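As structure tokens, the structure follows; a few thoughts come after it.
In the numbering used here, the protein residues as written are 3 to 329.
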């Protein structure tokens, strides 16, 4: 099977010659230019031969054009993400004045150019996924702690801002598909009880996420939902969103892969913990991979991690993930 055929079969629950496998990571420094990111992602793919390529732009890219500022601090930074220095929406006037940004320009435009350049560096049969963050996630990044104030004191202003954010998010996702992405990796970090209540996620997350995903539905047959966090509202987005696959910290947040088979009809992406990748031995990685395949019977499973692969991961453990499925 080709990579694309293997992934499509896994999404449908059909038989595969082997389970698909993919890991992704940040590329700090290289991710500050379109060519740098494209080259880094292409080299990662060439080295490890994953079944799909998930592009991971610089952290926080999605609110930089609105005025967010950042700094990369490498000391003790195992994920390759940037530290937020300032957030642009910290008052009601700033909330009320939020306006759309042009996704063909600025940092958004740079990420689209990275896709164009990356597509030319990869084989045609490799599905490419662009990372798009949910509108609620973008709002949280724009506002930080002020989001709680906006939800409780200025809901009408927040609704108008969410409409703006949702439109921009949709524009960028569609533009990403036009620029060379085959699919969208739709990420939410907001489905966590330590951040918002279930009712708040239902009000400020679900309807806006659905708008974006519904707009994408006719343009791609592979929408992958990432639910981030050690404790998550799994059932709510999984049951409400029109997605084909779901990725989460399968051994930390729950449910297990086996239990998730009964909660979701699409493919499950995960099985390997960050702890095993960073601190374990190759045999630990192999054991988790074998268990993931056993839990799912080898169907509807795409072997991977629960989120980005830490940049400190030993190569022998990455190799162990790749070798776990053979082929």
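Quick reminder that beta carbons are idealized off the backbone N, C-alpha and C, glycines included.
Computed from a predicted model, the values in this text were never measured in an experiment.
What number of angstroms, rounded off, separates the C-alpha of residue 283 from the C-alpha of residue 289?
-> Locating residue 283 in the chain shown gives position 281, counting from the first residue. Locating residue 289 in the chain shown gives position 287, counting from the first residue. The alpha-carbon atoms of residue 283 and residue 289 are separated by roughly 10 Å.
To which residues of the same chain is residue 115 closer than 7 Å at the C-beta, ignoring the five residues directly before and after it?
-> Position 113 of the chain shown, counted from the start, is the residue given in the question as residue 115. Once the five neighbours on either side are set aside, the close Cβ partners of residue 115 are 36.
Could you have a look at residue 289 and say whether DSSP puts it in helix, strand or coil?
-> The residue you call residue 289 lines up with position 287 of the chain shown. The answer is helix: DSSP assigns residue 289 an H, G or I state.
First and last residue of the uninterrupted beta strand (DSSP E) at residue 305 = As a first step, residue 305 is located in the chain shown; it is residue number 303 there, counting from the start. Segment 303-307, the beta strand (DSSP E) holding residue 305.
Helix, strand or coil: how does DSSP classify residue 255 here?
-> Here the question's residue 255 lines up with position 253 in the chain shown. Residue 255: coil per DSSP, three-state reduction.
Are residue 266 and residue 190 closer than 8 Å when you measure CB to CB?
-> Here residue 266 refers to the residue found at position 264 when the chain shown is read from its first residue. Here residue 190 refers to the residue found at position 188 when the chain shown is read from its first residue. Against a cut-off of 8 Å, the Cβ pair of residue 190 and residue 266 comes out as no contact.
Closer than 7 Å by C-beta to residue 153: which residues in its own chain qualify, once you throw out the five before and the five after it? Chain order, please.
-> The residue labelled residue 153 in the question sits at position 151 within the chain shown. Counting only Cβ-Cβ distances below 7 Å, and skipping sequence neighbours, we find 160, 202, 206.
Report yes if the C-beta distance between residue 128 and residue 49 is below 8 Å; otherwise report no.
-> Working through the chain shown from its first residue, we reach residue 128 at position 126. Working through the chain shown from its first residue, we reach residue 49 at position 47. Result no, Cβ atoms of residue 128 and residue 49 do not sit closer than 8 Å.
State the CB to CB distance for the pair residue 252 and residue 280, rounded to an integer number of angstroms; the pair is presumed to be in contact (CB under 8 Å).
-> Here residue 252 refers to the residue found at position 250 when the chain shown is read from its first residue. Here residue 280 refers to the residue found at position 278 when the chain shown is read from its first residue. Incorrect: roughly 17 Å between the Cβ atoms, too far for contact.
Stretch pair the stretch 300-320 + the stretch 254-271: three plus CB contacts closer than 8 Å = yes
What's the call for residue 147, buried or exposed, on a 16-neighbour Cβ count within 10 Å?
-> Here residue 147 corresponds to residue number 145 of the chain shown, with the count starting at 1. Under this definition residue 147 is an exposed residue.
DSSP three-state assignment for residue 93, whether helix, strand or coil | Mapped onto the chain shown, residue 93 falls at position 91. Residue state, collapsed to three classes: coil.
Residue 87, buried or exposed, once every other Cβ within 10 Å from all chains shown has been counted against 16 = Position 85 of the chain shown, counting from 1, holds the residue named residue 87. With fewer than 16 other Cβ atoms within 10 Å, it is exposed.
What does residue 229 pair with, by DSSP beta-bridge criteria?
-> Residue numbering aside, residue 229 sits at position 227 when the chain shown is read from its first letter. Its beta-bridge partners are 190.
What is the rounded straight-line gap between the Cα of residue 58 and the Cα of residue 187?
-> Taking the chain shown and counting its residues from 1, the one referred to as residue 58 is at position 56. Taking the chain shown and counting its residues from 1, the one referred to as residue 187 is at position 185. The straight-line gap from Cα to Cα measures roughly 10 Å.
DSSP puts residue 143 in a beta bridge; with which residues?
-> Locating residue 143 in the chain shown gives position 141, counting from the first residue. DSSP lists no partner for residue 143.
How do the stretch 21-30 and the stretch 91-107 stand: do at least 3 beta-carbon pairs fall below 8 Å, yes or no?
-> no
Reduced DSSP secondary structure (H/G/I, E/B, other) of residue 138 = Within the chain shown, residue 138 is the residue found at index 136, counting from 1. Residue 138 falls in the helix class under three-state DSSP.
Can you have a look at residue 80 and say buried or exposed, based on whether 16 or more other CB atoms are within 10 angstroms of its CB?
-> Indexing the chain shown from 1 puts residue 80 at position 78. Residue 80 comes out exposed.
Jot down the residue ranges of each uninterrupted alpha helix (DSSP H) in the stretch 37-113, minimum 4 residues, whole runs only, in chain order.
-> 63-66, 94-98
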